[in-house]
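Top to bottom, those sequences are chains A and B. Position 280 of the first sequence, counting from 1, maps to 279 under numbering that gives the first Met the number 0, and the rest follow consecutively. Position 110 of the second sequence, counting from 1, maps to 109 under numbering that gives the first Met the number 0, and the rest follow consecutively. Remarks on the structure that follows.
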Amino acid sequence: MSLPEVVNHLRDETQRIWLDEPRDVRRLRRGELSTEAGTGGQFFSTFDAANHELRGFAEHGLPPLIACTTAGGFSLQHCVKLARLVVGRRMDFAGWIGLEEFARLATEVTEVIDEARTLDEFRTLFIAFLQYAHKLHFWTTHYFPWGVGALFPHREPAPWLERLNTLVTEGQDPPAIEKQDWRVVVARTDAAAARIWAEEPGDLHRVRTGSSVHGAGSYGQGFSTLNYIAQDMRWATDQGLPLVIRVARDDAFSLAQTCSVANLFLRRSVPFLGWLGLDEYPRLAGMTLDALGTVSEKHDVESLFVALVKYSHRFQGWAYCYFPWGAGALFRRPGVMQPEGSS
Amino acid sequence: MAGREILMMEFPELHATLQATINRDLNPELWDAFAESLPFEGIAGHSAVSGPLITCWAPPYAIVPIKTMERIDKMPVGRVMMSGSANKIFFKYGPLTEWVDVPIVGQVEGEDLAALQRLGPVIWESIFLTKHLYHIKLSRG
């Protein structure tokens, strides 16, 4: 297919799923997968991974990529390189966890990226792809079993906790972030990573035990908050931060372009994670981005983001460890052998 | 009044039709990009973490200047707002606490706001438990 044909195909597919549930989503929510994805014969974790994957594309990966085409300072060749980092080989994983049509379309997109002759053509292709990913994400979000949240109420009884949360947090400003030299930020980030190496981060503990006071979690439950933290920290750890490190190591990008990529891809999620109840990562990420003003070469940028990804990677280990995967007991795959000893 | 338009919102399964007053002057380019897609039909969604906020995915993807933003926790209940690319529209129907600036385009008021506040929990239940699909038809009034 040519680039214009892929654009039309993406638009047609978006229209097709606008009001009708996509086949892949129906199969995901029923556990009817054609692969063995889903450890232990359950499909809760698979559905969760699919929802994460789509949020990564629709909210974190593709919008900044499109923004690069209008930000100034990036050529078509830069945008193509960034696109390959954003889409990369993620479609293999997406297809395996059940997003088969999405994976096919993502493959079509990657096959025609080099056909783009102008930034306008490139942007048209990726807006069409984003619109498909965005609508597909609506469907996984709609059908995701948020009802699991009934098992994770905020510690104090709703609705007065909601009222208290509102009173405490309404009109509150996000914590101010101090500006520091990049070497100081690296040292602080390393120290923070060392602190959580063998000890659960305190902010994660508060969120997962329902005692955060930031007010996140619709209707007095904390499961969705924990879920969004896991999603967004996973995207940062597996994709956003490594993307900046790869750009920092690529001679095609200047120092200014590298800093611009870091801000475009990472800045927006920082206050959201703070509002969800995290203290340390938003502070470190904010300091890291602000410290870009103090670097003098790309290697300094790399040092900053290597330190940050070490912290987020360790954090993600804790978030993964404490995520309530046990909810999968409610979502057994039909016709799949259960592990020995399970009921 | 110049710049004032009416956005009609029909929820067929919930037997409700309400209206919002749009102030185009708040974000003229963003509103125009969104309004070009009217009328359209979507499915009502609800935020999973933010609290009382109805959402609807919209067809456009606009790259336009944003003129007016408000912080979601400080804006009045009933605010109509959008993503910066006009591919999502939001209706605030209760107190929110998030620290995020969002482009605004209008307001739901009076009896319409009261109706929105009755619909909100039903739509929340549709994503939390029932998985019913509630359609929403948006058009110019």
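From the three backbone atoms N, C-alpha and C, an ideal C-beta is built for every residue, glycine too. Quick caveat, the model's predicted, so the values are computed rather than measured.
Interface annotation, B/N26: not in contact with chain A, CB-CB separation never under 8 Å. Using a Cβ-Cβ cut-off of 8 Å, A/K134 counts as an interface residue toward chain B, since at least one Cβ of chain B sits closer than that to its own. Closest option to A/R25, judged by alpha-carbon separation, among B/P64, B/K130, B/G44, B/K136: B/K130. For a cut-off of 8 Å, the C-beta gap from A/R332 to A/F42 is around 5 Å, short enough to register as a contact. Not a single C-beta of chain B is nearer than 8 Å to the C-beta of A/S74. Close to chain A, meaning a Cβ-Cβ distance shorter than 8 Å, is no residue of the region 8-23 of chain B at all.
The beta-carbon of B/I42 is placed less than 8 Å from the nearest beta-carbon of chain A. Taking CB atoms only, A/P200 has no neighbour in chain B less than 8 Å away. In the DSSP assignment, A/H59 falls outside any alpha helix (DSSP H), carrying neither H nor E. Against A/L275, the close residues of chain B are V48, in the order they occur along the chain (beta-carbon pairs closer than 8 Å).
For the options A/R187, A/R205, A/G72, A/A127, the alpha carbon positioned closest to that of A/E107 is the one of A/A127. In the three-state DSSP reduction, A/R88 falls in the coil class, being neither helix nor strand. In this structure, DSSP gives A/Q41 an extended state, which the three-state scheme calls strand.
Out of A/C78, A/L291, A/G209, the CA that lies nearest to the CA of A/F121 is found in A/C78.
In this model, B/F89 and B/G119 are separated by some 12 Å (Cα to Cα). Contact with chain A is found for B/F127, since one of that chain's Cβ atoms lies less than 8 Å from the residue's Cβ. When DSSP reads this structure, B/V79 sits in a beta bridge with B/F90, B/G105. The straight-line gap separating the alpha-carbon atoms of B/I126 and A/L135 is approximately 15 Å. If you draw a straight line from the Cα of A/G97 to the Cα of A/T34, it is about 8 Å long. The beta carbons of B/N22 and B/V104 sit closer together than 8 Å.
Contact between A/G55 and A/Q256 is ruled out by a C-beta separation of about 23 Å, above the 8 Å threshold. Look at A/S302 here: in three-state DSSP terms it is helix. Minimum Cα-Cα distance from A/A70 among the listed residues B/P64, B/M74, B/E28 corresponds to B/P64. Per DSSP, B/I21 is not a residue of any alpha helix (DSSP H); the beta strand (DSSP E) it occupies stretches across 15-22.
Here B/D100 carries a strand assignment [DSSP, helix/strand/coil]. Using beta-carbon distances, B/Y60 counts as an interface residue toward chain A, with a partner under 8 Å.
Between the alpha carbons of A/D231 and A/S268 lies a distance of about 8 Å. Counting every other CB atom within 10 Å of its CB across the protein chains shown gives A/C258 a total of 16 or more, marking it as buried. DSSP places B/W30 within a helical segment (H, G or I) once states are collapsed to three. Inter-residue distance for A/P200 and A/V206 is about 10 Å (C-alpha atoms, whole angstroms). Three or more beta-carbon pairs separated by less than 8 Å are not found between the region 59-68 of chain A and the region 5-25 of chain B, which leaves the two stretches without contact. Between A/V305 and A/I228, the CB-CB gap reaches or exceeds 8 Å.
For A/T208, the secondary structure class from DSSP, reduced to helix, strand or coil, is coil. Membership of A/R10 in the alpha helix (DSSP H) is indicated by the continuous run 2-15. Interface flag for A/L129 against chain B is set, since a Cβ pair is found closer than 8 Å. Secondary structure within the region 222-280 of chain A: the alpha helix (DSSP H) runs of 4 or more consecutive residues, fully enclosed, are 222-234, 240-248, 254-265, 268-275 (chain order).
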